[in-house]
Amino acid sequence: MEEQLREILKEKIRNIELISETSNKVYKVTTEDETLYAKFYLGNSYHIDNELRLYDLVNNKYLKELYYKSNDNKLAIFKELIGKTIDELSKEEIELNKEKIVNTIISYFTEISNIKVNGYGPLNEELNGKYNSLIEFLKERQNSTSIQLKDHESLSKIASLIFEKYEDIINEDNSLVPIDTNMKNIMLLNNGEIKFIDPGEMISGPILMAYGDITAHTYKTPIYYELINKLNLNEKDEKLLRIYAIFSSLNILAFLSKLGVTNLEEVIPYGNTYTFNELINEHVKKLEIKL
Numbered sequence: 001m002e003e004q005l006r007e008i009l010k011e012k013i014r015n016i017e018l019i020s021e022t023s024n025k026v027y028k029v030t031t032e033d034e035t036l037y038a039k040f041y042l043g044n045s046y047h048i049d050n051e052l053r054l055y056d057l058v059n060n061k062y063l064k065e066l067y068y069k070s071n072d073n074k075l076a077i078f079k080e081l082i083g084k085t086i087d088e089l090s091k092e093e094i095e096l097n098k099e100k101i102v103n104t105i106i107s108y109f110t111e112i113s114n115i116k117v118n119g120y121g122p123l124n125e126e127l128n129g130k131y132n133s134l135i136e137f138l139k140e141r142q143n144s145t146s147i148q149l150k151d152h153e154s155l156s157k158i159a160s161l162i163f164e165k166y167e168d169i170i171n172e173d174n175s176l177v178p179i180d181t182n183m184k185n186i187m188l189l190n191n192g193e194i195k196f197i198d199p200g201e202m203i204s205g206p207i208l209m210a211y212g213d214i215t216a217h218t219y220k221t222p223i224y225y226e227l228i229n230k231l232n233l234n235e236k237d238e239k240l241l242r243i244y245a246i247f248s249s250l251n252i253l254a255f256l257s258k259l260g261v262t263n264l265e266e267v268i269p270y271g272n273t274y275t276f277n278e279l280i281n282e283h284v285k286k287l288e289i290k291l
């Protein structure tokens, strides 16, 4: 991979550093003129990473500036972004910028969700979901998560209790839905722009799943309160938001469990002060579910 980068950038390279290799491999590349980030898409995730497809689907103002991409979409090189991720902002910076951050999130989610697709759940190469119904996807996904969390009894039984009580309010809507939007994946640039820096994970489903996903990370923070104020949800949709936030949190914890993390009760979302476990329990309480 380093040889491929040297071939593309030639004599301009001064240093190449591997900085991430969880689902994809990411290299920091220092050249004579600038710093670049090279991303090799390995397909080692539950979802296909559709980051490069987004450049043809939505306004590029939300995305990193693309320096180079291979014809097979297996490699992209992006220009460096200068700024801070949301989890790095001070309380004062959050307060000053929360409205702009939330407005950008809503605008970005709305633009993506206007793209209607077929099916539900994880996307295939044609950006269509692999399941025939939303409830089929959710039940299979959460069942897999519950099995992974079997050693954490209180967490492993939550999804089944939710389906038992709330299955009838889950809507069968299928748009493109961005997921894994957390406070480490949103950046406030020094010039005031907001960018989504790792936006490739999407599914087919209702837009509330996107808001539930970000709620999983931001709940009880100023970003969440600004978001919930802007969305002005009705009672049913507020319940769905909490349900999708729980599902997202459980899926994150199951993923960490697969990686060997054992102290799941202590894991804290980026930019939050509460643990996932505490946030899940708060949603469960609001949904009046007895564990």
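Numbering (the numbering used here), first residue to last: 1 to 291. Even for Gly, the Cβ is constructed at its ideal location relative to N, Cα and C.
For residue 61, no beta strand (DSSP E) segment is defined, and its DSSP state is neither H nor E.
For residue 128, the closest alpha carbon among the candidates 139, 115, 248, 64 is that of 115. Distance from the CA of residue 148 to the CA of residue 9, rounded to the nearest whole angstrom, comes to 43 angstroms. For residue 74, the three-state secondary structure derived from DSSP is coil. The Cβ-Cβ distance between residue 248 and residue 212 falls below 8 angstroms. Our two residues, residue 231 and residue 108, have alpha carbons roughly 14 angstroms apart in a direct line. For residue 226, the number of other beta carbons within 10 angstroms of its own is at least 16, and it is reported as buried.
By the beta-carbon neighbour count (other beta carbons within 10 angstroms, threshold 16), residue 142 is buried. A check of alpha carbon separations from residue 154 across 20, 250, 120 identifies 250 as the nearest. Fully enclosed beta strand (DSSP E) runs of no fewer than 3 residues occupy 175–178, 186–189, 194–196, 202–205 of the segment 168–213, in order along the chain.
Assigned with DSSP and collapsed to three states, residue 236 falls in helix.
Residue 262 counts as exposed, since fewer than 16 other beta carbons sit within 10 angstroms of its beta carbon.
According to the DSSP assignment, residue 3 belongs to the alpha helix (DSSP H) that extends over 2–9.
For residue 122, the enclosing beta strand (DSSP E) has its first and last residue at 120–123. Excluding sequence positions up to five before and after residue 83, its CB lies within less than 6 angstroms of the CB of 187, 188, 189, 190, all in the same chain and listed in chain order. For residue 27, the enclosing beta strand (DSSP E) stretches over residues 25–31.
The three-state reading of DSSP puts residue 35 in strand, counting E and B together. Shown here, residue 131 sits in a strand according to DSSP, grouped into three states. Here the C-alpha atom of residue 34 lies approximately 46 angstroms from the C-alpha atom of residue 140. Contact between residue 37 and residue 5 is absent: CB atoms are separated by about 11 angstroms, not below the 8 angstroms threshold. Between residue 110 and residue 133, the alpha-carbon positions lie close to 22 angstroms from each other. Residue state for residue 146 is assigned as helix, using DSSP reduced to three classes. Beta bridge pairing from DSSP links residue 286 with no other residue. In this structure, residue 87 lies near residue 184, with their beta-carbon atoms less than 8 angstroms apart. The closest CA to that of residue 200, considering only 13, 118, 73, 223, is found on 73.
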